[in-house]
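Note that my numbering gives residue 66 to position 8 of the sequence shown, counting from 1, and the numbers run on in steps of one.
Below is one structure, written out as structure tokens, with a few remarks after it.
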Amino acid sequence: MRRHILAAAILVAGSAAAGAVEPPLFVDETTVSGVEHTYTGGWEYFVGGGAAVFDCNGDAYPDLFLAGGSSPSRLLVNGSEKGGAVRFRPASGLPDGLDNVLGAYPLDVDGDGRLDLAVLRLGENHVYRGEGGCRFSLVNDAWSFDGGNAWSTAFSATWEKDRDWPTVAVGNYVDRDKPGSPWGTCAENRLYRPVGRDNGFSAPAALEPGYCSLSVLFSDWNRSGAQALRISNDRQYYRGGQEQLWTLAGGKPRLFTKREGWRKLKIWGMGIASRDLTGDGYPEYFLTSMGDQKLRSLDGPPRRPSYRDLAHKSGVTAHRPHTGNDVLPSTGWHAQFDDVNNDGFVDLFVAKGNVEAMQDFAQRDPNNLLLGKPDGTFREAASEAGVDSTSKSRGSALADFNLDGLLDLIVVNRAAPAQVWRNAGFGTAGRLGPAGNWVALKVEQPGTNRNAVGAWIEVRVADRTQRKEITVGGGHAGGIATWHHFGVGVAERLRVRVQWPDGEWSPWIRLFANQFARISRGETEAALWLPPSMAKTALK
Ligand SMILES: [Ca+2]
Ligand SMILES: [Ca+2]
Ligand SMILES: [Ca+2]
Ligand SMILES: [Ca+2]
Numbered sequence: 059m060r061r062h063i064l065a066a067a068i069l070v071a072g073s074a075a076a077g078a079v080e081p082p083l084f085v086d087e088t089t090v091s092g093v094e095h096t097y098t099g100g101w102e103y104f105v106g107g108g109a110a111v112f113d114c115n116g117d118a119y120p121d122l123f124l125a126g127g128s129s130p131s132r133l134l135v136n137g138s139e140k141g142g143a144v145r146f147r148p149a150s151g152l153p154d155g156l157d158n159v160l161g162a163y164p165l166d167v168d169g170d171g172r173l174d175l176a177v178l179r180l181g182e183n184h185v186y187r188g189e190g191g192c193r194f195s196l197v198n199d200a201w202s203f204d205g206g207n208a209w210s211t212a213f214s215a216t217w218e219k220d221r222d223w224p225t226v227a228v229g230n231y232v233d234r235d236k237p238g239s240p241w242g243t244c245a246e247n248r249l250y251r252p253v254g255r256d257n258g259f260s261a262p263a264a265l266e267p268g269y270c271s272l273s274v275l276f277s278d279w280n281r282s283g284a285q286a287l288r289i290s291n292d293r294q295y296y297r298g299g300q301e302q303l304w305t306l307a308g309g310k311p312r313l314f315t316k317r318e319g320w321r322k323l324k325i326w327g328m329g330i331a332s333r334d335l336t337g338d339g340y341p342e343y344f345l346t347s348m349g350d351q352k353l354r355s356l357d358g359p360p361r362r363p364s365y366r367d368l369a370h371k372s373g374v375t376a377h378r379p380h381t382g383n384d385v386l387p388s389t390g391w392h393a394q395f396d397d398v399n400n401d402g403f404v405d406l407f408v409a410k411g412n413v414e415a416m417q418d419f420a421q422r423d424p425n426n427l428l429l430g431k432p433d434g435t436f437r438e439a440a441s442e443a444g445v446d447s448t449s450k451s452r453g454s455a456l457a458d459f460n461l462d463g464l465l466d467l468i469v470v471n472r473a474a475p476a477q478v479w480r481n482a483g484f485g486t487a488g489r490l491g492p493a494g495n496w497v498a499l500k501v502e503q504p505g506t507n508r509n510a511v512g513a514w515i516e517v518r519v520a521d522r523t524q525r526k527e528i529t530v531g532g533g534h535a536g537g538i539a540t541w542h543h544f545g546v547g548v549a550e551r552l553r554v555r556v557q558w559p560d561g562e563w564s565p566w567i568r569l570f571a572n573q574f575a576r577i578s579r580g581e582t583e584a585a586l587w588l589p590p591s592m593a594k595t596a597l598k
């Protein structure tokens, strides 16, 4: 019923009737979810507030770590049942009172099959080894990880060729100890290379100049087989700065230059989301900022890192509140591409919120949910979907918390409670409604880099292919390492293949839609997985 009313409203409004796409209904389940959390603190915590989403107890349901700023951070274990309400319960597997945290990123550093957690702090950063059962141990010493003493706001990791362990980048913000701080006193960023198997990391190298980064992402922009480091920087504090792209090819990190095709871009860079939106096999990069958000796309062949902006053409500038009376420019933070209505076209969630009380920017700044349309443009639907919250949002994550094939949502807010929504598809609060079909994939390879960071997943339906690069990093202060979700619309069958990080392709693997499947390197078929309650049903 609701969808028909919405469709009619769109027709009456005369906007994009032919390409109308419908939002799912997100049901606010903050209260029942058990997530009681607020990101707090003074100036140093105007940024940060990340959410890490990953399975820490091996049951395949995604668990949560939420940055708390000056408040304790929180580890929450998923207690949802398949298709039921989203529920979490506090866990005690991290040191009590872990404070001064801005964000966190999950990744399996040591390749033992358990996700570890890199925690960004005001002061020493921490790396925790996942021990199973959502227990963690601090391994800065054991892994020779120099946590530094900076104001760390960004993280990414890549596996360089022939390395067992990841190369890690930590982005830092203002250096508060320099004279004249904060203006023009950005701290350097740091690159950690692994020494070798079980030997941890070498002393970090400086990535200079640093321009007050708030998001960093290793991504293979030109499909060379090696990921380069994109850094999004906050022009509020740097002098003479710009966005950056570092290459590690050749050993010593260096910046791409104007002569090589890099084009200067100055923004209030807060977050990075990437996906191949144009279908050419190369990723686009969505960069959140104040005012216009940016969508960077290769301008010409991938020989040169020259980018042009598609945000306006694609309808994703999201430069001012889409609802309410506040007409001042918006402030964007975490962003994520994923398909919330399972129609086969990725959508884009953007967390929005004033830095604190900046007068020239919107005070009531609703989050965006931009639905991808078949013609490559997006349309705003956060209000229809019920996620247009006007709290000062920072980190967030779309993930299927109750494993029903629909992506749910958590948003961390500054000085206001975090919010949790369950995606009810085209249904109502009380009744799940069918949306499009979907597939959720786990991608694994033997040995180190088990989760195949740097691989590309291709999902093909008829003659259309969706592509996703497996990355660690980006967003705003939080990372997601869980099922790779693809909507496939009305298709009941699909084909999947993976280009592994060393360039080798898997065969095409056939799958029926609406399944959880693990793709392991060397196998010619996927291993299907059922959530426990589904497994019980299937056995009856
Ligand atoms: Ca779990
Ligand atoms: Ca591990
Ligand atoms: Ca979609
Ligand atoms: Ca769900």
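Ideal Cβ placement from N, Cα and C applies to all residues, glycine included.
Taking 8 Å as the upper bound for CB-CB distance, Ser-454 and Phe-484 are not in contact here, some 22 Å apart.
Contact between Arg-288 and Ile-330 holds, with the beta-carbon distance rounding to 6 Å and staying under 8 Å. Taking 9 Å as the cut-off, the beta carbon of Thr-448 is found no closer than this to the beta carbon of Asp-418. Judged by DSSP in its simplified three-state form, Ser-564 adopts coil rather than helix or strand. For Thr-88, there is no enclosing beta strand (DSSP E); the residue is found in the alpha helix (DSSP H) stretching over 88 to 91. In the three-state scheme derived from DSSP, where H, G and I count as helix and E and B as strand, His-370 is classed as helix. From the listed residues Asn-383, Arg-508, Phe-203 and Leu-196, the smallest Cα separation to Ala-263 is found for Phe-203. Shown here for Leu-335: same chain residues with a beta carbon closer than 6 Å to its own, the five before and five after excluded, namely Glu-342 in chain order.
When DSSP reads this structure, Met-328 sits in no beta bridge, so it has no partner. Residue Ser-277 holds the alpha-carbon nearest to the alpha-carbon of Glu-527 among Gly-161, Ala-227 and Ser-277.
A contact between stretches requires three or more CB pairs, one per stretch, nearer than 8 Å, and the segment 372 to 385 fails this requirement with the segment 455 to 463.
Distance from Thr-506 to Glu-516 at the Cβ level is roughly 23 Å; contact not present, criterion being Cβ atoms closer than 8 Å.
DSSP lists Pro-475 as the bridge partner or partners of Thr-96.
CA-to-CA, the gap between Gly-390 and Thr-582 works out to about 42 Å. For the pair His-380 and Ala-440, the CB atoms are nearer than the 9 Å cut-off. Assignment of Tyr-103 by DSSP, reduced to helix, strand and coil, places it in the helix class.
Using a C-beta cut-off of 8 Å, the segment 75 to 90 makes contact with the segment 472 to 482, since at least three inter-stretch Cβ pairs fall below that distance.
Proximity of the segment 85 to 101 to the segment 125 to 144 meets the contact definition, three or more beta-carbon pairs being nearer than 8 Å. For Trp-563, the number of other beta carbons within 10 angstroms of its own is below 16, and it is reported as exposed. Asp-199 counts as exposed, since fewer than 16 other C-beta atoms from the protein chains shown sit within 10 angstroms of its C-beta. Under the three-state reduction of DSSP, Ala-440 is assigned to helix. With distances taken between CA atoms, Arg-361 lies nearest to Tyr-340 out of Tyr-340, Gly-298 and Ser-260. Between Thr-88 and the set Gly-258, Arg-147, Ala-376 and Arg-553, the nearest pair of CA atoms involves Arg-147. Of all residues, those with a beta-carbon under 7 Å from at least one heavy atom of ligand 4 are Asp-458, Phe-459, Asn-460, Leu-461, Asp-462, Gly-463, Leu-464, Leu-465, Asp-466, Arg-480 and Asn-481, reported in chain order. In the three-state scheme derived from DSSP, where H, G and I count as helix and E and B as strand, Pro-590 is classed as helix. Taking the Cα of Gly-242 as reference, the smallest distance to any Cα among Val-105, Tyr-295, Ala-227 and Ser-282 is reached at Tyr-295. Closer than 8 Å to some heavy atom of ligand 3: that describes the Cβ of Leu-429. Within the same chain, Cβ atoms closer than 7 Å to the Cβ of Thr-540 are found at Val-111, Phe-112, Asp-113, Pro-120 and Ala-457, the five residues on either side in sequence being excluded. When C-beta atoms of the segment 544 to 558 are compared with those of the segment 245 to 261, fewer than three pairs fall below 8 Å, so the two segments do not count as touching. A straight line joining the alpha-carbon of Arg-187 with that of Ala-78 spans about 46 Å.
Straight across, the Cα-Cα distance linking Val-274 with Asp-357 is about 21 Å.
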